[in-house]
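Engineer:
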Amino acid sequence: MRKSIVFGLVILISLLTAPVCQAAPTVITEQEESNPSQLTDSVGKKTQDIIRLNVGPGWIVSEIEAWEGVYKRKMGFSASADYQHFWGIGLGLGVNYLFHNSSFDGGLDMNIHYLGPSLVYGMDFGGKWRWDVSTGIGIAYYNESSSGSYKGESQFRFASTAQIGLEGKLSDRVGIGIQVNGFIVSLKEPEGYKNDKYDFYGIKRYDVLVGIRIHL
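If you count the sequence shown from 1, position 191 lands on 232 in our numbering, and the numbers rise without skipping.
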């Protein structure tokens, strides 16, 4: 289990520790028999389906050039909704939706939506606890808008994410949890923009979220 946790942390840290970048202004029990949704796999262990809903702060750790200056570690609002299906061996597949909003001086507003599949691994321990890690690649929609005359900019790009989470179970069906998300997306540079300082142009972010876990 320790190796799996370390593996998850390595994935998350690798997303967040790349060179600083610049982004655009930019066996079945009686209890289990009463729950037909918990099926069994080929080795006789139960599968699990989990929905996770989370909110919390998120920090853009790449530099952002906006009209009023350069922002470093800009904090905003983040939310996520995840569906995960686990087989009895602990491996599984998931679908992740992530959202982030940050506002800047001068009326500039940035929104980032992400949707994609993920490979997940999770395990119960201690009777009332569960941990999991995941990584995935999907599509991000980046949008910036302004209350002024600026018409804004938007683009669809490939993005990657990694997550590590811990859940405390309140019952067989409901739990509360905390998770850390790492997110990175490479953006298309604006026309006429020269990026000679950095090798990467885009958004790099991490979120610290809390929320509810629903076991189907």
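A virtual CB, placed ideally from N, CA and C, is assigned to each residue, including glycine.
On the DSSP bridge list, what partners appear for Trp172?
Structural biologist: Met164, Leu207
Engineer: Check each candidate in Asp165, Ser186, Ser195, Gly163 and name the one with the smallest Cα separation from Lys229.
Structural biologist: Ser195
Engineer: Determine the DSSP secondary structure at Trp128, reduced to helix, strand or coil.
Structural biologist: coil
Engineer: Inspect the beta-carbon positions of Asp150 and Gly163 and report whether they are closer than 7 Å.
Structural biologist: no
Engineer: Quick one: what's got a C-beta closer than 6 Å to Gln204's C-beta in the same chain, skipping five residues either side?
Structural biologist: Same-chain partners within the cutoff: Ser175, Gln220, Asn222.
Engineer: Report, in whole angstroms, the separation of the C-beta atoms of Arg254 and Gly218, which I expect to be a contact under 8 Å.
Structural biologist: 5 Å
Engineer: Looking at the unbroken beta strand (DSSP E) that takes in Leu94, where does it start and where does it end?
Structural biologist: 89-101
Engineer: Do Ile153 and Tyr112 have their C-beta atoms within less than 7 Å of each other?
Structural biologist: no
Engineer: Which value, in whole angstroms, describes the spacing of the CA atoms of Pro60 and Gly157?
Structural biologist: Low per-residue confidence applies at Pro60: pLDDT is 45, beneath 50, and the placement is therefore not dependable enough to give any value.
Engineer: Could you tell me the boundaries of the beta strand (DSSP E) in which Leu250 lies?
Structural biologist: 243-256
Engineer: In this structure, how does DSSP classify Gly147 when only helix, strand and coil are distinguished?
Structural biologist: coil
Engineer: Does DSSP put Ser188 in a helix, in a strand, or in coil?
Structural biologist: coil
Engineer: Quick check on this structure: which residue in Ile244, Gly131, Gly243 has the alpha carbon closest to the alpha carbon of Thr88?
Structural biologist: Of the candidates Ile244, Gly131, Gly243, the one whose C-alpha sits nearest the C-alpha of Thr88 is Gly131.
Engineer: Please state the DSSP three-state secondary structure of Gly223.
Structural biologist: strand
Engineer: Could you pull the DSSP bridge partners for Asp123 from this structure?
Structural biologist: Arg93, Asn137
Engineer: Buried or exposed for Ser121, please, with buried defined as at least 16 other CB atoms from any protein chain shown within 10 angstroms of its CB.
Structural biologist: So Ser121 ends up on the buried side.
Engineer: With the cut-off set at 7 Å, would you say His126 and Leu134 are in Cβ contact?
Structural biologist: In this structure, His126 sits near Leu134, with a CB-CB distance shorter than 7 Å.
Engineer: With Asn95 and Gly252 assumed to form a contact (beta carbons below 8 Å), what rounded beta-carbon distance in angstroms separates them?
Structural biologist: The beta-carbon distance between Asn95 and Gly252, rounded to whole angstroms, is 3 Å. This is short enough to meet the 8 Å contact definition.
Engineer: Answer with buried or exposed for Leu250, where buried requires no fewer than 16 other C-beta atoms within 10 angstroms of its C-beta.
Structural biologist: buried
Engineer: Is it right to say Lys169 is buried, meaning 16 or more other beta carbons lie within 10 angstroms of its own, or is it exposed?
Structural biologist: exposed
Engineer: Classify Phe166 as buried or exposed, calling it buried when 16 or more other Cβ atoms lie within 10 Å of its own Cβ.
Structural biologist: exposed
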